[in-house]
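These protein sequence lines map, in sequence, to chains A and B. Last residue of the first sequence: number 467 in the working numbering, and the count goes up by one each step with no gaps. Last residue of the second sequence: number 467 in the working numbering, and the count goes up by one each step with no gaps. Glycine included, C-beta positions come from ideal geometry on N, C-alpha and C.
Protein chains: 2
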Amino acid sequence: MHIVAIGGSDAGISAALRAREVDPDAEVTVVVADAYPNFSICGIPYYVSGEVTHWRNLAHRTHGDLEAAGMALRLDTVARKIDVAGRLLHLTGPDGTDQDPVPYDQLVIGTGAVPVRPPIAGLDGLGPADGVHLLHSMDDTFAVMRTLAEAGTGSAVIVGAGYVGLEMAEGLSARGLAVTQLERLPEVLPTVDGELGALVRAQLESHGVTVHTGTDVKAIARADAGAPERLRVDAVTAGGEPVTVHAGLVLVVTGVRPETGLAASAGADLGARGAIHVDKAMRTGLPGVYAAGDCVITHHRLLGETYLPLGTTAHKQGRVAGENAAGGHRQFAGSLGTQVVKVFDQAAARTGLRDHEAAAAGFDPVTVAFEADDHKAYYPGSHKIAMRFTGDRATGRLLGVQLFGHKNAEVAKRIDIAATAIYHGMSVDEVSDLDLSYTPPLGSPWEAVQMGAQAWVRHQSARQTR
Amino acid sequence: MHIVAIGGSDAGISAALRAREVDPDAEVTVVVADAYPNFSICGIPYYVSGEVTHWRNLAHRTHGDLEAAGMALRLDTVARKIDVAGRLLHLTGPDGTDQDPVPYDQLVIGTGAVPVRPPIAGLDGLGPADGVHLLHSMDDTFAVMRTLAEAGTGSAVIVGAGYVGLEMAEGLSARGLAVTQLERLPEVLPTVDGELGALVRAQLESHGVTVHTGTDVKAIARADAGAPERLRVDAVTAGGEPVTVHAGLVLVVTGVRPETGLAASAGADLGARGAIHVDKAMRTGLPGVYAAGDCVITHHRLLGETYLPLGTTAHKQGRVAGENAAGGHRQFAGSLGTQVVKVFDQAAARTGLRDHEAAAAGFDPVTVAFEADDHKAYYPGSHKIAMRFTGDRATGRLLGVQLFGHKNAEVAKRIDIAATAIYHGMSVDEVSDLDLSYTPPLGSPWEAVQMGAQAWVRHQSARQTR
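Set out below in structure tokens:
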């Protein structure tokens, strides 16, 4: 049995590890397009910031760890073509030449995603050598670091204020750069409600980041001679006002799209947002071909099929694909879009659906805001957590939770409590039945998530009484 | 409609608050035996330590807050007798005289628990004036503070190393006292496995606490003239060796027993550990009489009826009793014994059953230890979490989790994720299906609890393969 995984990131490596766990006799090969298998892409901002002192530390596992787990790695090797009928994988090797096709019994495609190139004039003609960067891979990271090492890179423009954009704003600020963040949508971190996005924005601004929201970047160009920095970014606000920022580095981080060329040319069906269509067993429909990670559609427990690329999901999907490739029968249980981001001293987290997402999915949502202490306020060091609870009016079902609070306010694990509740289809009211822990330095007799749930229930009762 | 709650602590106040929420027209009276309604008894160690600067800060709500919520408080008033047939409550007032009986429609008994007095020679003849204390109420707390204020109280013996004993060891150490902790059982914090208890003990010792486990206290006496401190504690080790410690303060914190006299004399049935028997609606069986909190049996989701007094449970039971007293139909969903304690810089937490508890309850438990980082180790400030997972061999059901780690390692909220999983009867394997949050500074792509669950599953697979 020879199992081949294409992709050295979360999905491919998880598939390979799990295949070896399930079938220790399986031969497992991982084809990695670059030289960095199993690197933590999510950790890149912390290498840029200097908090991670060496890029090698970003590896979840070393090359040696991976080989010890029983997989063969083919680095700097690109999967060019899948011969589905012949169960052969055609590769281009490190030297750029075609290699002998690799026979496989089961194949897992984990080609991931690539950064979106927004339609900005001048973007295509500029690159890392000019100080203009996309950011997705280790090679992209090294290119950014080279720009940062150049004399005179004292300021940066970040186009986009999603997760990566915010983390890079922090990382570049930590390196002493003056950072300007430009976001097309009305608020930063548009994956949470604007009320929480505004708190994130305040956090950015309090750390010296200049934020322009509702601001669409139109052009990036080399600045005129005599300009304060070498690059010029021209944008326009929603009100039509021009915004011009000069910077030594421009980072364009406006999201990703699934990398599906290999799968599509092999005949795989595509689904939501053009991602590879898979069933919950991660089967593509092509015989012997699984796919997982940022290149595939996401089965969402509340939305059905969507596209929601996250590292956590890629790990789970990869594990399912690897187990099934090795003869197992596991199903991906579905995403809830659970995610958290740290922005300087604060963290924002969400799970499930926001109000408008729930409405679009056919629910009748009600969203209630509440604030609670992370632990008893009489014990030193307590922080407020801003919460937003979304539930279904008719059934009372908990649909989504959003949290914002200090990085030490356990926001990430609190969202996980909510995620576990939503996973099980709990009503908002039933959340109060959960037996959760308490000691004054670390919580309250009613966990903050329960207090938020009770606020939602009170709000509903008041409406019904009225 | 007049609802009367007896008891100013978690259960009584929760019942009163909830009754007013459910029926804003209800007249609600709370009978409080002392002058401290709705005080956080769990916060006492942090007042003793000095971290809570004024004892009034320990109030969850002020007297004014409670009255604003619509309840009448009768302080320093003891419920002497319940006339069940006449629905009258007989009270003794602040001046020690009988008051006019109070008619009620629905009654909630929340008389709580009282400290156990272990059979130690000399204990009955010594009291706060001698420096010998039990600790359960605000009055007890003030007595301890008076002893601490006396010249020459430079050392303390704590008899018992459960939650309160450990917290008081920290609190008294923080005040500069030399603390000796004596525990009859083989390890401190006997509510978790010895492997984790040993880590708690190391934490105590690293902060200067002298710990004697397997050591049974036999006598407390006034020390002889010329002794280094005014009190002498004599104990004996499991091996029969005598241990003698002198101290200026002796604190006996060896657990509690339910305070049931009032209910029993009214004819209420008693159940596990002599606690008041209630059904899941918190009904005692006496018409119009509910009971909740530390005075009642605990419905446990895995054990059935037991006695497991916890503040969190008292809040939930009180809320159920209050809702039902006001005409509702809520059921207590059951405890999992979820709890956490901070000991200096570390925290220990548990939910569900330990191996021997599960075996006694008829399961076929397997317990597996694992260790994981609280967040990606490449990001600064990561801590190891020691974990113990207990699952059922035959069904794979998750039965219990125990965690130990740094106080900032989010151990409390991680045990809550596990508690939510156990609440829903998840298998250990299914824990990996939960969609939990990740960012490198706050977690890992597989949450630590999922890594522990996977270790359990691997352990089981290895046994089956062997």
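When the Cα of residue i is compared with those of the options, which residue comes out closest?
| i | options | result |
| --- | --- | --- |
| T352(A) | A327(A), G392(A), G382(A), H384(A) | G392(A) |
| A114(B) | L309(B), D235(B), P104(B), E28(B) | L309(B) |
| D26(A) | D430(A), G328(A), A413(A) | G328(A) |
| G426(B) | A422(A), G172(A), G382(A) | A422(A) |
| G126(A) | M146(A), R223(A), W56(A) | R223(A) |
| E411(B) | T78(B), V450(B), L252(B) | V450(B) |
| G198(B) | E188(B), S207(B), E206(B) | E188(B) |
Would residue i and residue j be called neighbours here (beta carbons separated by less than 8 Å)?
| i | j | result |
| --- | --- | --- |
| T255(B) | G161(B) | yes |
| S138(A) | D35(A) | yes |
| A293(B) | V109(B) | yes |
| Q204(A) | V5(A) | no |
| P288(B) | V103(B) | no |
| A413(B) | L443(A) | yes |
| V342(A) | E168(A) | yes |
| V191(A) | G172(A) | As written in the sequence, residue 191(A) is Pro, which differs from the Val given in the question. Contact flag unset, no. |
| G111(A) | C296(A) | yes |
| G132(A) | R231(A) | yes |
| G71(A) | A220(A) | no |
| A454(A) | S438(A) | no |
With 16 other CB atoms within 10 Å as the buried threshold, where does residue i fall?
| i | result |
| --- | --- |
| A349(B) | buried |
| F364(B) | buried |
| E1(A) | The structure shown does not extend to residue 1(A), since chain A spans only 2 to 467, so no value can be given for it. |
| V46(A) | The amino acid occupying residue 46(A) in the given sequence is Pro; Val does not appear at that position. Counting Cβ neighbours within 10 Å, P46(A) comes out buried, since at least 16 surround it. |
| A144(A) | buried |
| G227(B) | exposed |
| A322(B) | buried |
| S266(A) | exposed |
| H1(B) | The structure shown does not extend to residue 1(B), since chain B spans only 2 to 467, so no value can be given for it. |
| K281(A) | exposed |
| G51(B) | exposed |
| A130(A) | exposed |
| S462(B) | exposed |
| R118(A) | exposed |
Where does residue i fall in DSSP's three states?
| i | result |
| --- | --- |
| L197(B) | helix |
| R21(A) | helix |
| K414(B) | helix |
| F364(B) | coil |
| K281(A) | coil |
| T211(B) | strand |
| A70(A) | coil |
| K385(A) | strand |
| Q332(B) | coil |
| V5(A) | strand |
| V33(B) | coil |
| H301(A) | strand |
| A203(A) | helix |
| T352(B) | strand |
| E372(A) | strand |
| T142(A) | helix |
| E358(A) | helix |
| Q340(B) | strand |
| Q1(B) | Outside the shown range of chain B (2 to 467) lies residue 1(B), about which nothing can therefore be said. |
| K219(A) | strand |
| E260(B) | coil |
| V450(A) | helix |
For residue i, return the contacting residues in chain A, with the cut-off set at a CB-CB distance below 9 Å.
| i | result |
| --- | --- |
| P310(B) | Residues of chain A passing the Cβ test: none, with the nearest at roughly 13 Å. |
| C43(B) | K377, Y439, T440, P441, P446 |
Give the interface partners of residue i over in chain B, defined as CB-CB distance under 7 Å, in chain order.
| i | result |
| --- | --- |
| D11(A) | P446 |
| K281(A) | In chain order: nothing, as chain B lies at least about 11 Å away. |
| R415(A) | K414 |
| H425(A) | H425 |
What in chain A is Cβ-close to residue i, meaning under 7 Å?
| i | result |
| --- | --- |
| Q340(B) | S438 |
Who are the neighbours of residue i on chain B, taking C-beta pairs under 8 Å?
| i | result |
| --- | --- |
| A350(A) | S438 |
| Y291(A) | Here the premise fails: no neighbours, minimum Cβ distance about 18 Å. |
Does the beta-carbon of residue i, which I'm using as the reference point, lie nearer than 7 Å to any heavy atom of the ligand NAP?
| i | result |
| --- | --- |
| A456(A) | The ligand content of the structure shown is nil, which means the ligand NAP is not present either. |
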